[in-house]
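**Student:**
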Amino acid sequence: MKILKIGGDQIADNAFLKLLASTIATDDAPTAIVHGGGNEIAELQKRLEIKVVHFEGLRVTDQASLEVAEMILSGTINKKVVSGLIAAGIDAIGISGIDRGLFRCTKKSHPSVDLGLVGEIHDVRPEVVYDLVHNNITPVISPISLGADGKHYNVNADEAAAALAVAVKATKLFFVSNVPGIIQDNNVITTLDPATAIELIEQKVIKSGMVPKILSAIQAVKEGVDQVRIVDGKGLSKDTGTTIISNGSGNKLPNTNKDTSDVVTAEAKFVVSTYSRPLPVFTHGKGVYLFDTEGRRYLDFTAGIAVTALGHSDKQWVEAVSRQAGKLTHVSNLYHTEPHVELAQQLTESSFADRVYFCNSGTEANEAAFKFARKWARANHHTNVKTRIVAFEGSFHGRTTGSLAATSKTKYRSPFEPLMPGIDFATLNDIASAEKTITNETCAVIVEPIQGEGGVNTASNDFLSELRKICDKNKALLIFDEVQCGLARTGHLWAYQNSGIRPDIMTLAKPLAGGLPIGATLVTEDVAQTIHPGDHGSTFAAGPLVCKAANVVFNRVSQPDFIANVASTGKYLKQKLLQLEPQQLVDVRGSGLLIGAEFSCAIDPLIQAAAKRGLLLISAGENVLRLCPPLIVTMAQVDEAIEIIGESLGSMENNQVG
Ligand SMILES: Cc1ncc(COP(=O)(O)O)c(C=O)c1O
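Taken in order, the sequence shown gives residues 483 to 1140; the numbers are from my numbering.
Okay, here's the thing in structure tokens:
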């Protein structure tokens, strides 16, 4: 993407707006425009007899001046640029930094003067810009920004353009001004590295209004923008002006992105092929969107298989993890640390459980559950035969040899047999089958309140209630595997809360640390009393870093408002799927944001067609689409996904379940 910063002087010139439009029309890279308008603000202030105060190129802004700045920047000037572009055939829209929280700022501090309502951008949320350029609309952005205190702030347009260029990883940032570049001894300097630019500021070769421009340019190249050019109106279409580039001495963040084909070829050579991956190579993510090496944007309705509950690069999560990484990451379980104790307290106080065992994944959480169940049965029932575990058809509990033994798909199990012995399978939602399979040799029954992998199948409340009774009758523990459906995904904090049936053990993993590896086995005191030092353990488990990440996730997803929002967005998603009414749709089921759409045919072509249109989807079996977006997904993003699914349905014509 290319970012153009233009000033008020150029905007007054209709010929410039035409030139701007033709540059946008002929450039392959999408363009976003950020504009200033200082002189126009000063003029209106004068007319209104509001004093104009400047300090080192920065406007000191009181409330009255801010109101004028907002009128001029977000109103008069913004609409002049938009109408000029539209007249020249460019589809353009005017927005300010306030819109969809594009620029979030704090009050700019200065050692010797109170700048008033002048802001400094600390966060850019570029989704609105991506949405517009994705639809071939050029955003024209006024730099008025939103402060954390809810006030509007005037932000220097050069700083705003640089911040946006960094956030979208722009290849080029242009500062269009009324001088043809940086001039020394009557000549335009063609290229400049940051160190020399600083020297020229110190020597006052670069001065007044050019200083913030150059400082912003230096910041942008340091943070990864390939080049920043200072040009006048004419220089926009010609190769003139001053180009600020990294001096290669560590100023610029290295561009580590390899070509897509390099990554795919190297992976085929060096990585054990346990997965067959589709093509995009992802480089970064923001919120519900992922971006690939080719600069394409994808709406992520997979959340890394129900993991990234807060979306990608959540600011609070990133800050907490970064801070903790700089403090303490790992000491092993031989020593005490704080974050895992806090997390254990949060998990137990919000659930049936009294204690937590931490590990690193869902499969390990289930392995721990099985070991604990066998130990509990031996300790309480003084027998070596009460070791059997009952699981259900359609289950998925993991890939290690215990959890795999309890996973129903033969295809997953048979190449690796013999697995852990002592597993029996019953049929989900079939009370007679459960009664027959569970005996007094059963130490535990494991069930997913909503099966994920198995096709988004819900265990009915009646069934769970009967299962509880059958377990109690046979003195067996009831284990709920909430690795996929726990932690707000179903529109309840814990999926079991929908049934009111409490387990003895519950396993968690996927979303708990927002993308870092963690697993947890929550148990009652009765179970915990039978586990002693040395019975089980893990080197990495419950390290301070991962637990700090989990604290952030838990604090957010456990808020009643957050959970209510998951429930209502999930309901909306279900309705919208049903409204599509494709011939091949058999059933829409699930709860919250774990939704299964069953089709009468194989859905792989649908998944591939949607990916080509920028939507990532996964299956749960050959003919069930599993929709499990980040829990922060909005209804507007649901609409976007539904539109793409609708457009992609044709890919399944004449397709049968194989
Ligand atoms: C219900 C359930 N349990 C256990 C697992 C295994 O988790 P992990 O892949 O973290 O080992 C999964 C993974 O998909 C799952 O969905």
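C-beta: ideal position from N, C-alpha, C; glycine also.
Treat the numbers as computed from the prediction; the structure is a model and nothing was measured.
#1: Report all residues from its chain with a CB closer than 7 Å to the CB of Pro-535; omit the five preceding and five following residues, and keep chain order.
#2: Is there at least one non-hydrogen atom of ligand 1 closer than 8 Å to the beta-carbon of Val-927?
#3: Is it the case that the Cβ atoms of Thr-819 and Leu-886 are separated by a distance below 9 Å?
#4: Near Ser-1130, what residues of its chain come up, given a Cβ to Cβ distance below 7 Å and the 5 sequence neighbours on each side ignored?
#5: Which residue's Cα is closest to the Cα of Thr-940: Gly-876, Thr-1021 and Ser-758?
#6: Quick check: Lys-1053 and Val-1070, are their CB atoms within less than 9 Å of each other?
#7: Hey, out of Gly-520, Leu-969 and Phe-1022, whose CA is closest to Gln-828's CA?
#8: My output table needs one value for Lys-484: the three-state DSSP class, helix, strand or coil.
#9: Who are the near neighbours of Ala-855 in its chain, counting only those whose CB is closer than 6 Å to its CB and skipping five residues on each side?
#10: Could you tell me whether any non-hydrogen atom of ligand 1 is closer than 8 Å to the CB of Arg-845?
#11: Do you know offhand how far Pro-993's Cα is from Pro-903's?
#12: Ser-981 to Asp-708, Cα distance in whole Å?
#13: Expressed to the nearest angstrom, what Euclidean distance is found between the alpha-carbon atoms of Ser-504 and Gly-629?
#14: Quick one: does the C-beta of Lys-893 sit closer than 8 Å to a heavy atom of ligand 1?
#15: Residue range of the alpha helix (DSSP H) that Glu-602 falls in?
#16: Just grab the DSSP bridge partners of Asn-638 for me.
#17: Please name the residue, chosen from Ser-1020, Ile-568 and Leu-597, that lies closest to His-812 on a Cα-to-Cα basis.
#18: By DSSP, does Glu-1080 sit in helix, in strand, or in coil?
#19: Suppose the cutoff is 8 Å on Cβ atoms and the five residues either side in sequence are ignored; what does the same chain contact list for Thr-919 look like?
#20: Are there any heavy atoms of ligand 1 lying less than 8 Å away from the beta-carbon of Asp-963, as far as the coordinates show?
#21: Nearest to Gly-777 by alpha carbon, out of Asp-741, Gly-663 and Asn-669?
#22: Compute the minimum distance between the beta carbon of Ala-1031 and the heavy atoms of ligand 1, and state whether it is under 8 Å.
#23: Evaluate Lys-590 with the Cβ neighbour count: other Cβ atoms within 10 Å of its Cβ, from every protein chain shown; 16 or more gives buried, anything less gives exposed.
#24: So for Cys-1110, helix, strand or coil by DSSP?
#25: Taking the DSSP output, what are the residues bridged to Ile-515?
#26: Which residue spans inside the segment 505-586 form an unbroken beta strand (DSSP E) run of at least 3?
#27: At 4 residues or longer, and completely inside the segment 879-922: list those alpha helix (DSSP H) runs for me, N to C.
#28: Can you name, in chain order, every residue of its own chain whose Cβ lies under 8 Å from the Cβ of Lys-768, other than the five neighbours on each side?
#29: Tell me which residues share the same chain as Ser-698 and place their Cβ nearer than 6 Å to its Cβ, disregarding the 5 neighbours each side in the sequence.
#30: Between Asn-848 and ligand 2, is the CB less than 8 Å from at least one heavy atom?
#31: Please name the residue or residues paired with Arg-711 in a DSSP beta bridge.
**Tutor:** According to the data block:
#1: Residue identity check: residue 535 is Val in the sequence provided, not Pro. Val-542.
#2: Placement of the Cβ of Val-927 at a distance of 8 Å or more from every heavy atom of ligand 1 is found.
#3: Contact flag unset, no.
#4: Result list for Ser-1130: Leu-1088, Ala-1091, Ala-1092 and Arg-1095, in chain order.
#5: Per the Cα distances, Gly-876.
#6: Taking a C-beta distance under 9 Å as the contact criterion, Lys-1053 and Val-1070 do not qualify as a contact pair.
#7: The option with the nearest alpha carbon to Gln-828 is Leu-969.
#8: In the structure shown, Lys-484 falls within a strand segment according to DSSP collapsed to helix, strand and coil.
#9: So the list reads Cys-925, Ala-926 and Leu-959, once near-sequence residues are dropped.
#10: This sequence places Thr at residue 845; Arg is not what is there. A heavy atom of ligand 1 is found nearer than 8 Å to the CB of Thr-845.
#11: CA-to-CA, the gap between Pro-993 and Pro-903 works out to about 30 Å.
#12: Distance between the alpha carbons of Ser-981 and Asp-708 is about 56 Å.
#13: Their Cα atoms are separated by approximately 35 Å.
#14: For ligand 1, not one heavy atom lies less than 8 Å from the Cβ of Lys-893.
#15: Per DSSP, Glu-602 lies in no alpha helix (DSSP H) segment; the continuous beta strand (DSSP E) that holds it begins and ends at 601-606.
#16: DSSP output for Asn-638 lists no bridge partner at all.
#17: Among Ser-1020, Ile-568 and Leu-597, the Cα nearest to that of His-812 belongs to Ser-1020.
#18: Glu-1080: strand per DSSP, three-state reduction.
#19: Excluding positions up to five away in sequence, the list reads Val-872, Asp-906, Phe-907 and Ala-908.
#20: Indeed, a heavy atom of ligand 1 lies less than 8 Å from the Cβ.
#21: The shortest Cα separation from Gly-777 among Asp-741, Gly-663 and Asn-669 belongs to Asp-741.
#22: False, no ligand heavy atom lies under 8 Å from that Cβ.
#23: With 16 or more other Cβ atoms within 10 Å, it is buried.
#24: The three-state secondary structure of Cys-1110, taken from DSSP, is coil.
#25: Leu-486 and Val-622.
#26: Segments of the beta strand (DSSP E) lying fully in the segment 505-586: 513-517, 535-537, 540-542 and 574-578.
#27: Correct list: 883-887, 892-895 and 913-919.
#28: Only Arg-607, Pro-608, Glu-609, Gly-793, His-794 and Ser-795 meet the Cβ criterion.
#29: Answer for Ser-698: Asp-640, Glu-641 and Ala-644, listed in chain order.
#30: Of the ligands this structure carries, namely ligand 1, none is ligand 2.
#31: Residue pairing for Arg-711: DSSP places it in a beta bridge opposite Phe-656 and Thr-725.
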